[in-house]
Amino acid sequence: MLTSDAPVRQLPDRGISARKRSSSSFKPSRPSFLPTKMAPSAKTTSTKHKFVVDYSRPAGDGVFDGADFEKFLHDRIKVDNKAGQLGDNVKIVRDASNKITVTSTIPFSKRYLKYLTKKFLKKNSLRDWIRVVASSKDVYQLRFYNIARDGEEEEEE
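Numbered by the working numbering, the letters in the sequence shown go through residues 4 to 160 in order.
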């Protein structure tokens with residue numbers, strides 16, 4: 004508890020006065036209903052994230068190169084703030100059916116995968132023609148913009 008006779012000191016960067024606590028300061032005790040130590044769990048929970056990027060439409064037209072995209076992901080995905088050092092935590096697999104599967108045992112965001120995909124498209128000057136669409140909970144598809152339909156609407160107006 005603060006006493007009125009305790010000396011007042013100025014905090015250097017904020018200019019707010021604060022009272023110096025006495026040596027017999029209040030120490031909150033732990034409530035009796037909380038356990039003192041957490042019991043070790045019998046099973047370690049390993050979060051496993053699996054995301055798929057389907058690039059079959061642009062690859063079918065010969066615009067998109069899956070090998071370059073796989074290398075780009077391998078070089079750019081950060082694990083512990085270090086790019087390119089995936090280790091056993093993140094696996095990148097390219098399927099024969101024009102899909103890349105990213106499997107992670109550490110927390111990994113689907114949004115981060117979309118960000119990297121858009122960055123790759125911009126780097127290869129494909130961002131103006133291809134968009135990244137979430138087709139299901141853990142799948143992204145690369146699709147072309149519907150340019151033909153947009154042109155028909157302009158002609159009608």
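We put the CB at the ideal spot given by N, CA and C, even for glycine.
Inter-residue spacing [alpha-carbon to alpha-carbon] between residue i and residue j
i: A86; j: S100; result: 27 Å
i: R79; j: Y148; result: 26 Å
i: I95; j: A151; result: 35 Å
i: R60; j: D91; result: 31 Å
i: L116; j: V56; result: 9 Å
i: K122; j: F72; result: 10 Å
i: L76; j: L145; result: 15 Å
i: Q88; j: F111; result: 15 Å
When the options are compared against residue i, the one with the closest alpha-carbon
i: D68; options: A151, P110, L129 and I109; result: L129
i: V136; options: P110, Y58, V105 and D98; result: Y58
i: V66; options: W132, T108, T106 and R97; result: W132
i: R114; options: G63, V142, N84 and D64; result: V142
i: K81; options: N127, K125, L124 and V105; result: V105
i: A62; options: K125, K126, I103 and Y118; result: I103
Helix, strand or coil at residue i [DSSP, three-state]
i: D71; result: helix
i: T108; result: coil
i: A99; result: coil
i: D57; result: strand
i: I133; result: strand
i: Y148; result: coil
i: K191; result: Because the chain spans 4 through 160 in this model, residue 191 falls outside it and cannot be assessed.
i: K117; result: helix
i: A45; result: At A45, the pLDDT of 46 sits below 50, so the modelled position is not reliable and the matter cannot be decided from this model.
Assigned exposure category for residue i - 16 Cβ within 10 Å defines buried
i: S139; result: exposed
Distance between beta carbons of residue j and residue i, contact taken as under 8 Å
i: K51; j: T108; result: 6 Å
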